[in-house]
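Below is one structure, written out as structure tokens; the observations come after it.
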Amino acid sequence: MQIIALLCDDAGTDEYGKLSIRGVLNELQASDFPARQERLVLVVVVEWDGAEHGRIPFRIDLLGPDDDPVFTVDGHTDVKQASEPGAPAKTQMIMPLENVLFVRPGRYRVRLTFGEQAHEGPSLYLKKVEAAG
Numbered sequence: 077m078q079i080i081a082l083l084c085d086d087a088g089t090d091e092y093g094k095l096s097i098r099g100v101l102n103e104l105q106a107s108d109f110p111a112r113q114e115r116l117v118l119v120v121v122v123e124w125d126g127a128e129h130g131r132i133p134f135r136i137d138l139l140g141p142d143d144d145p146v147f148t149v150d151g152h153t154d155v156k157q158a159s160e161p162g163a164p165a166k167t168q169m170i171m172p173l174e175n176v177l178f179v180r181p182g183r184y185r186v187r188l189t190f191g192e193q194a195h196e197g198p199s200l201y202l203k204k205v206e207a208a209g
């Protein structure tokens, strides 16, 4: 399985399934903590190995600087076998995350688990800055 994952401002697909991503996030700044981010989007694209199909459970954890979960999403994806021999099955997930609370500055990271396989996803660094004014 191959995985591409990132955090961004917004993402969507067109009528042909083409994925568009806007505003990839690597760092956020806040003058006070805890800091609340009204909205960010997690995009995950999985290219499945040929033997992987059917209903596959997944879990997505956002882990704080001390590896404690900030939030968790549990779900499943239905993987269909590819329509042509040799073509990989793919899953695209666009997950808006609302009102995410970042307790303190530091590196936050995403852990993706599909079935029993855990994978490291993107990270986001929260930086403390002086308040304007």
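The working numbering puts the first residue of the sequence shown at 77, with every later residue one more than the last.
Ideal Cβ positions, reconstructed from N, Cα and C, are used throughout, including at glycine.
All values reported here derive from a predicted model rather than from experimental measurement.
Problem - Inter-residue Cα distance where the pair is His152 and Arg135 - result: 8 Å
Problem - Burial state of Ala87, where buried means 16 or more other Cβ atoms lie within 10 Å - result: buried
Exercise for the section: Give the range of the beta strand (DSSP E) segment to which Phe147 is assigned. Expected result: Pro145 to Val155
Handout entry: Residue closest to Pro172, alpha-carbon to alpha-carbon, out of Gly191, Val119 and Leu95
Key = Val119
Handout entry: C-beta atoms of Gln193 and Glu123 nearer than 8 Å
Key = no
Exercise for the section: Counting only runs of 3+ residues fully inside the segment 165-197, write out the beta strand (DSSP E) ranges in chain order. Expected result: 166-178 and 182-190
Exercise for the section: Would you mind giving the Cβ-Cβ distance between Leu101 and Leu200, rounded to the nearest angstrom? I have them listed as a contact below 8 Å. Expected result: 6 Å
Practice task
Give the DSSP-derived three-state secondary structure of Glu123 in the structure shown.
Solution key: strand
Practice task
Take the Cβ of Asp137 as the centre, count every other Cβ of all protein chains shown within 10 Å, and call the residue buried at 16 or more, exposed below.
Solution key: buried
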